[in-house]
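Engineer: Pasting in a structure now, in structure tokens, and then I'll have a few things to ask.
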Amino acid sequence: MDIISQLQEQLNEMAMVAVNTFGTLQRDAPPVRLSNHYPDPLNPAAAAANPNPDDPAQPQPGAAAAPAQAPQAQPPQAPALDLAEHPKAMSHALVLAAKKFDALVSALPLSSEEDQLKRIKELQAENEAVGSELQKQLEAAELELKQVEALFNEATDHCINLKKPD
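Per the UniProt record's numbering, the sequence shown starts with residue 1, numbered consecutively.
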């Protein structure tokens, strides 16, 4: 596989790792409370009991709660995933893919514009030489084809006319 194909493969791998990393971070990130004016996404019961936490007339968290309110059972939560390590591992994979891409880029041959123009002229000259050789071979093949056709026509004439060959 040539270096350009390897670069394309590595770039595709980097894109796949990046998409998976961002998708995983988006999926697994815990909800964040944007402001005290919005309900707490982790504790909707407290948000319903205290719709505006900045209002001084409302009891603040930690203050004595009304005795008439019975404690509510918390819903069962799923076992906590190791959310701190998973993004690190995915980030590490992305960095490794980027380093491999950089190594492939550094393996590319570097040349100046003059070197590239010189190489293009050499390739054009080689192309013309090969083209002229192919043209000579084509002309020789056409001549041989004409000879074979002439012999074939002569042979078929002899067979049709039942002539014996000379």
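Think of the CB as a built atom: it goes at the ideal place given N, C-alpha and C, for glycine as much as any other residue.
Since the model is a prediction, treat every value here as computed from it, not as a measurement.
In whole angstroms, what separates the C-alpha of H92 from that of A107?
Structural biologist: Their backbone Cα atoms lie some 23 Å apart in a straight line.
Engineer: How many angstroms separate the CA atom of A155 from the CA atom of A129?
Structural biologist: Each residue's alpha carbon lies about 39 Å from the other.
Engineer: Closest to E9 by CA distance: which of A98, I120 and S111 is it?
Structural biologist: Ranking the options by Cα distance to E9, first place goes to A98.
Engineer: Quick one: give me the first and last residue of the alpha helix (DSSP H) that L104 is part of.
Structural biologist: Its alpha helix (DSSP H) spans residues E85 to S106.
Engineer: Look at the alpha carbon of V17 and the alpha carbon of M90, and state the distance between them as a whole number of angstroms.
Structural biologist: If you take the alpha carbons of V17 and M90, they lie about 7 Å apart.
Engineer: What is the DSSP secondary structure of L110, reduced to helix, strand or coil?
Structural biologist: Three-state DSSP puts L110 in coil, outside helix and strand.
Engineer: What are the boundary residues of the alpha helix (DSSP H) that includes L25?
Structural biologist: First-last of the alpha helix (DSSP H) with L25: I3 to D28.
Engineer: N43 by DSSP, collapsed to three states: which one?
Structural biologist: If DSSP states are grouped into helix, strand and coil, N43 belongs with coil.
Engineer: Put L34 into one of helix, strand or coil per three-state DSSP.
Structural biologist: Note: L34 maps to coil in three-state DSSP.
Engineer: Is the beta carbon of F101 less than 8 Å from the beta carbon of M14?
Structural biologist: The answer is yes: Cβ separation under 8 Å.
Engineer: Measure the alpha-carbon distance for K118 versus Q147 and round it to whole angstroms.
Structural biologist: One C-alpha to the other measures close to 44 Å.
Engineer: Short of 8 Å in beta carbon distance, which residues of its chain neighbour I3, apart from the five on each side in sequence? Order them along the chain.
Structural biologist: If we look at I3 and ignore the five residues flanking it on each side, its Cβ neighbours are L104, A107 and L108.
Engineer: Does the Cβ-Cβ distance between T24 and L94 come in under 8 Å?
Structural biologist: Not closer than 8 Å, so no.
Engineer: Look at the alpha carbon of A125 and the alpha carbon of S112, and state the distance between them as a whole number of angstroms.
Structural biologist: One C-alpha to the other measures close to 20 Å.
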